[in-house]
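Worksheet: the structure to be examined is printed underneath.
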């Protein structure tokens with residue numbers, strides 16, 4: 092099937108880029124990670140997989156990411172969750188299978204809690220709910236001082252250019268923490284996690300499984316898997 096592309100106005104002049112392959116329901120929605128975009132290998136492979144099955148597939152770039160408008164520095168967990176919800180509402184109907192990579196796993200969990208009628212199942216790939224306080228706790232005092240003074244700090248990345256960690260991201264993230272209490276998600280949940288992941292401790296998947304209230308939860312640990320879990324297998 093031919094892939095459709097477009098842009099959705101958030102309502103504030105910022106346009107969100109999306110790509111969609113029509114097909115049978117329930118559709119699959121890919122939610123990317125922090126500072127990533129919808130053209131990565133996971134999204135491309137999942138698009139091809141769904142197309143081969145004749146299953147609907149949707150992906151998007153959050154504001155400040157990829158082909159979408161807006162500044163990355165203005166983004167927060169809440170804002171990016173709103174971006175995902177807006178695109179899903181505009182371009183799909185009925186319950187969808189949410190596949191969240193890293194931060195996208197957090198976004199997917201938030202959507203499953205807030206809009207359970209729109210979620211058929213949830214898949215997490217190195218899902219990283221509540222990652223902002225973990226980042227904050229790891230920052231040395233001199234970096235915290237920079238963030239307090241400048242509002243942001245550019246963190247080196249093994250995946251590309253340094254990216255900004257903002258005071259707004261860290262502060263607003265506290266409003267969306269999930270794992271401190273039971274997480275009311277009743278749909279099937281599948282969690283894929285590498286035990287050699289340097290960014291998300293593999294125990295996070297077990298914490299998610301323990302916090303989710305539904306009974307249909309499975310965790311698959313890949314002993315030598317890294318954060319991206321992108322190698323062919």
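Numbering (the numbering used here), first residue to last: 92 to 324. Cβ coordinates follow ideal geometry from the N, Cα and C atoms, glycine included.
| query | result |
| --- | --- |
| Provide the residue span of the alpha helix (DSSP H) that contains residue 295, from first to last. | 294-302 |
| Determine, using beta-carbon pairs with one atom in the region 214-226 and one in the region 146-163, whether at least three such pairs fall under 8 Å. | no |
| Which of helix, strand or coil does DSSP assign to residue 212? | strand |
| Would DSSP call residue 230 helix, strand or coil? | coil |
| Once the 5 residues before and after residue 169 are set aside, which same chain residues still bring their CB inside 8 Å of it? | 263, 266, 267 |
| So for residue 94, helix, strand or coil by DSSP? | coil |
| Taking the straight line between their C-alpha atoms, what separation do you get for residue 161 and residue 248? | 22 Å |
| Per DSSP, residue 256 forms a beta bridge with which residues? | 244 |
| Do residue 213 and residue 112 come within 7 Å of each other at the CB atom, strictly closer than that value? | no |
| Out of curiosity, what's the CA-to-CA distance linking residue 287 and residue 297? | 15 Å |
| What residue range does the beta strand (DSSP E) around residue 282 cover? | 280-285 |
| Look up residue 273 in the DSSP assignment and say whether it is helix, strand or coil. | coil |
| For residue 311, which residues does DSSP report across the bridge? | 283 |
| In three-state terms, what does DSSP make of residue 117? | strand |
| Could you please give the first and the last residue of the uninterrupted alpha helix (DSSP H) stretch that includes residue 268? | No alpha helix (DSSP H) contains residue 268, which DSSP labels as neither H nor E. |
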